[in-house]
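> Per this note's numbering, the first sequence starts with residue 104, numbered consecutively. Backbone N, C-alpha and C fix where the C-beta goes; we use that ideal spot for every residue, glycine too.
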Amino acid sequence: MGLRAGLRERVRAVLRDRYGIPTEVELEPITEPRPWGYSTNVALRIAGRLAEEEIARLDPSLSKKERKRREKALVREHALRAAEELAAELSRELPAGVARVEAENGFVNFYLDPAVYGRELIGQILADPAGLARGEPRQEKVMVEFSQPNTHKPFHVGHLRNTLLGNALSNLLEFAGYPVVRANYYGDIGLHVIKCLWGLMHLGELGIEREEGESEGRFLGRVYSAVDRLLGEDGPERERVEREIRTLHQRWDRRDPEVVDLWEKTRRASLEEFRRIYRDLGVSFELEFFESQVEEAGKEAVRDLLEKGVAEVSQDPEYRGAVFVDLAEKTGDETLGKLVILRADGTTLYSTKDLALARIKFERYGIDRSLYVVASEQSLYFRQIFAILRLWGFPQAERCVHIPYELVVLPEGKMSSRRGTVVLFDELWDRAVELYTAITRRKREERGGEEEGEEENARLIALGAIKYYMLAVDKMKQVVFDFDEALSPDGRSGVYLQYSYVRARRILEKAGLDPDGAGAELVPGEEVELQPAEVGLMRRMDGFSFVVEQALEQLDPSPLAHWAYQLARDFTDFYTACPVIRAGEPSRSFRLALTAAFARLMETVSTRLLSIGLPREM
RNA sequence: GGCCCCGUAGUUCAAUGGAUAGAACGACCGCCUCCUAAGCGGUAGAUACAGGUUCGAUUCCUGUCGGGGCCA
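#1: Can you name the start and end residues of the beta strand (DSSP E) that Thr369 belongs to?
#2: Rounded C-beta distance between Ile542 and Met246? I'm assuming under 8 Å.
#3: Can you tell me whether DSSP reads His665 as helix, strand or coil?
#4: On the premise that Gly238 lies in contact with Phe278, defined as a C-beta separation below 8 Å, what is that separation, rounded to the nearest angstrom?
#5: In the structure shown, what three-state DSSP assignment does Lys517 receive?
#6: Would the stretch 705 to 714 count as touching the stretch 659 to 675 if we require 3 or more Cβ pairs under 8 Å?
#7: Taking contact to mean 3 or more Cβ pairs, one atom from each stretch, closer than 8 Å, check whether the stretch 224 to 232 and the stretch 141 to 148 are in contact.
#8: If you draw a straight line from the C-alpha of Arg346 to the C-alpha of Pro252, how long is it?
#9: Any idea if Thr698 is buried or exposed, counting beta-carbon neighbours within 10 angstroms, 16 or more meaning buried?
#10: Rounded to whole angstroms, how far is the Cβ of Tyr508 from the Cβ of Arg137, which I believe are closer than 8 Å?
#11: Rounding to the nearest angstrom, what Cα-Cα distance links Leu272 and Pro660 in this structure?
#12: Please name the residue in Asn270, Glu319, Ile348, Gln653 whose C-alpha comes closest to that of Asp331.
#13: Compute the minimum distance between the beta carbon of Pro514 and the heavy atoms of the ligand ATP, and state whether it is under 6 Å.
#14: Output needed for Val525: all residues of its chain with C-beta closer than 6 Å, excluding positions within five of it in sequence on either side, in chain order.
#15: Compare the beta carbon distance of Leu590 and Ala535 with 7 Å and say whether it is the shorter of the two.
#16: Using only alpha-carbon positions, find the residue among Glu466, Val405, Leu658 that is nearest to Val443.
#17: Under a Cβ-count criterion, where at least 16 other Cβ atoms within 10 Å of its own Cβ denotes burial, should Val416 be classed as buried or exposed?
#18: Taking Cβ positions, are Leu439 and Gln487 nearer each other than 7 Å?
#19: What are the start and end residues of the beta strand (DSSP E) that includes Tyr214?
#20: Quick one: complete beta strand (DSSP E) runs, 3+ long, within the stretch 192 to 257?
#21: Thinking C-beta only, is Phe388 closer than 7 Å to Asn274?
#22: Is the distance from the Cβ of Thr266 to the Cβ of Val386 below 7 Å?
#23: By alpha-carbon positions, which one of Arg522, Ile569, Glu501 ends up nearest to Leu531?
#24: Using the beta-carbon count (16 or more within 10 Å), is Ser482 buried or exposed?
#25: In this structure, how does DSSP classify Glu131 when only helix, strand and coil are distinguished?
#26: Please state the DSSP three-state secondary structure of Pro682.
#27: Taking the continuous alpha helix (DSSP H) assigned at Thr126, which residues delimit it?
#28: Rounded to whole angstroms, what is the Cα-Cα separation between Glu515 and Gly261?
#29: Which full runs of the beta strand (DSSP E) of 3+ residues lie inside the stretch 466 to 532, going along the chain?
#30: Taking only the alpha-carbon atoms, compute the straight-line gap between Val413 and Phe485 and give it to the nearest angstrom.
#31: Can you tell me the Cβ-Cβ gap for Val598 and Gly567, rounded? I've got them flagged as a contact below 8 Å.
#32: May I ask which residues mark the beginning and end of the alpha helix (DSSP H) holding Arg728?
#33: I'd like to confirm the pairing. Which residues does DSSP put opposite Thr143 in its beta bridges?
#34: Could you tell me which whole beta strand (DSSP E) segments of length 3 or greater appear in the stretch 281 to 359?
#35: Looking at Asp676 and Ala636, is the spacing between their C-beta atoms short of 7 Å?
#36: From this set, Lys411, Asp216, Ser395, Tyr571, which residue's C-alpha is nearest Lys433's C-alpha?
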């Protein structure tokens, strides 16, 4: 049992024996200006009950306001007294590593002995860097569906946020012990694809030509935008184009060879481009689904839902023939409204396919929990889909969870392919590589060093900047995209994490140690005089398990990103304040061990959890 | 109209209901004989508003205002 768990148990035992109050005890890190330790608020939490009797005896003739004032005072008094009593009781026997227990403001604070506990902590990290926070292996198999780009459209920074978020979340769940299946679901068919195909058949009319060296994705994106723009303008042209697109959609539905052929060719080009992007990003999927693959299954699902009386055929003049589910009526939840699951002309929608896919995920892949990382604007849609699954008779619906996040927007508003206001991933990536190639070269020239591997390194750093920018924002907050911020190497950035790590490696190297393998043998057994920066760094490292817990609760990697920065910051404070290599023993050994422990923990949070790669040199 | 999300320094972001609301960028002033200045130190600066719950509210609840989104 770890120190924290042990303390928690002891507090619980005292509460039970002394007050007869069985209650959960939470132990949190003490906040900053106070020294390193853990704190519990149980005294404050039970004070109300302790004060009950005296409150009941208060003079009933008192005014309401006065009565309330006295009640508060009584509760406060009991809290302070209980905290004192608890601290006194717990002080009688302190576990190794705890220096003292104190009652302060109603909190019971356990202050650690940094020399004793710190040495143990560093030893643990060096032996098993993930061990501080990793969960026990679990049975429950989780599928995380994320990224979901549409073929025939470009991959933009919105997809980037989704992809990085879904990937980090998958890392986190794996770290917590779940078997995770990363799944992608490509929108390779649907109205947007048909629009693009129509555009390709009418390039002359659109006035579009494939430019020299233009990527397929970009070209298809331009075609799609042009068609979309055409459809946005009122007039007879628009009606004709709409009609032609509908006809084309039906030709697709009949698998007209000409249409299928064009679709296959362009689809392949799109997918190749996405795969290149995932390679650049270092993201991979265990499973890939395609909308085209579940179209037929979707139509079957609709037939089944009609038979079961869940779905019905619309009589509404505007949608006559379309199939929909009246969820408000079927579930009694007015906010669910209605959802169309098949168009009147028999062509499929997202909903048609999502219903079929959900079934396949559970039946064919035996997953226990299905997470959908999709923008929050789809919240209602997913509630509707899950509700239909339930009506359809799938108990798994209870284990489907939509993980919403907010969009990446531009200062002037939502990105729109119609208006051409989309930041493509490639554009960001090209600028990032260009910028960091230049910076990396300049830095190398300034300090001398090997040119070998520089290009690779520049890409790693560029990627770190971009990933950190995307991951460090609470997922429920919009990201207002800004090139300068996304690419900046200054301050709170991915680059800062990487730089701190490189500095740590260099220190280990200069001490003649293996930066990848320096280990627990360095932790000295004797007493070491500790500097505040050393304690600060250990204290931060000790908080790892808390932040992992928080990220899991919120299903959001952003707390990890913030913590990683704090960790780097505290390491920087440490090496700024404390010379390592030229320090005398036993400080030298201790500081080397601390440096190695930092490196191991940074690898864990950055590489393993956030998928932000760490260079060896910069 | 109904429902969902977000309002914290000039800006971008932090703060499982807790103790003196933290950073970064930008601004200004400093620091390379010393493990890499992609760095470090210092100065200035914020909880939209009104109620409520609570021993304690940036955090939870209600309402108002502002921004974003969804409602075949």
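Per the coordinate set shown:
#1: Premise fails: Thr369 lies in the alpha helix (DSSP H), 360 to 384, not in any beta strand (DSSP E).
#2: The Cβ separation is near 39 Å, so there is no contact.
#3: helix
#4: 7 Å
#5: strand
#6: yes
#7: no
#8: 26 Å
#9: buried
#10: Actually they do not touch by this definition, with Cβ atoms about 35 Å apart.
#11: 6 Å
#12: Ile348
#13: Ligands displayed in this structure: none; no statement on the ligand ATP is therefore possible.
#14: His259, Met518
#15: yes
#16: Val405
#17: exposed
#18: yes
#19: 210 to 215
#20: 201 to 207, 210 to 215, 245 to 248
#21: no
#22: yes
#23: Ile569
#24: exposed
#25: strand
#26: coil
#27: Run containing Thr126: none; DSSP gives neither H nor E here.
#28: 15 Å
#29: 472 to 478, 503 to 508, 511 to 513
#30: 17 Å
#31: 6 Å
#32: Since the first residue of the chain shown is 104 and the last is 721, residue 728 is not available in this structure.
#33: Val211
#34: 283 to 289
#35: yes
#36: Lys411
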